[in-house]
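One structure is given here, and the rest of the page talks about it.
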Amino acid sequence: MGSMTDAISLLDYRFEGQADKDELGRACKVACWCIQDDEKDRPTMRQVVQVLEGVSDVGISPMPWFLQRLTELPIEAINYEKTTSGSDSFSCTDVPSAFQPQIRSCSKEM
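If you use UniProt numbering, the sequence shown corresponds to residues 1 to 110, in order.
Written out as structure tokens, the structure is:
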């Protein structure tokens, strides 16, 4: 995520772009730690609460494997739709090479 403008684009439309930028930044950071591939790299619920309350801070997390692979997919393989009922739909077409196992190392900055 390059800027706070990018983070604001993640907000539910009902917020109308209005949010506490510090809270949003903390929520985005901790969310990225919570989706780490290896569960040992994920924060405990206590750590999550401390970060969300602003009592503790975390660094930028390594990018999880599945997000790395998603960014490598050709744009034609990604489909995002807003349905008439107002719900969002996101899917990827069958791209077998995108989901091949990958071995990598990452460091924990928490």
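Glycine included, C-beta positions come from ideal geometry on N, C-alpha and C.
Can you list, in chain order, the residues of its chain with a C-beta nearer than 7 Å to that of Leu11? Leave out the 5 residues immediately preceding and following it. Hits under 7 Å: Gly17, Ala19.
Whose C-alpha, out of Lys29, Asp37, Lys21, Glu23, is nearest the C-alpha of Glu58? The question names Glu, yet the displayed sequence has Val at residue 58. If we check each option's Cα against that of Val58, Lys29 comes out closest.
Report the start-end ranges of each beta strand (DSSP E) in the stretch 9-72 that is 3 residues or longer and not cut off at the edges. Within the stretch 9-72, complete beta strand (DSSP E) segments of at least 3 residues are not found at all.
Flag this pair as yes or no: are the beta carbons of Pro64 and Asp22 separated by less than 8 Å? Cβ distance not < 8 Å, so Pro64 and Asp22 don't count as in contact.
Quick one, which of Glu39, Asp6, Lys40 has its alpha-carbon nearest Leu24's? The candidate whose alpha carbon is nearest that of Leu24 is Asp6.
Short Cβ contact (8 Å threshold) for Arg42 with Trp33: By the CB criterion at 8 Å, Arg42 and Trp33 fall inside the cutoff.
Out of Pro62, Leu67, Thr44, which has the shortest C-alpha to C-alpha gap to Ser56? Of the candidates Pro62, Leu67, Thr44, the one whose C-alpha sits nearest the C-alpha of Ser56 is Thr44.
Could you pull out every residue in the same chain whose Cβ sits closer than 6 Å to the Cβ of Val48, ignoring the five residues on either side in sequence? If you ignore the 5 residues before and after Val48, its C-beta comes within less than 6 Å of the C-beta of Val30, all in its own chain and listed in chain order.
At the level of alpha carbons, what is the spacing between Gly54 and Ile60? Cα-Cα distance, rounded: 15 Å.
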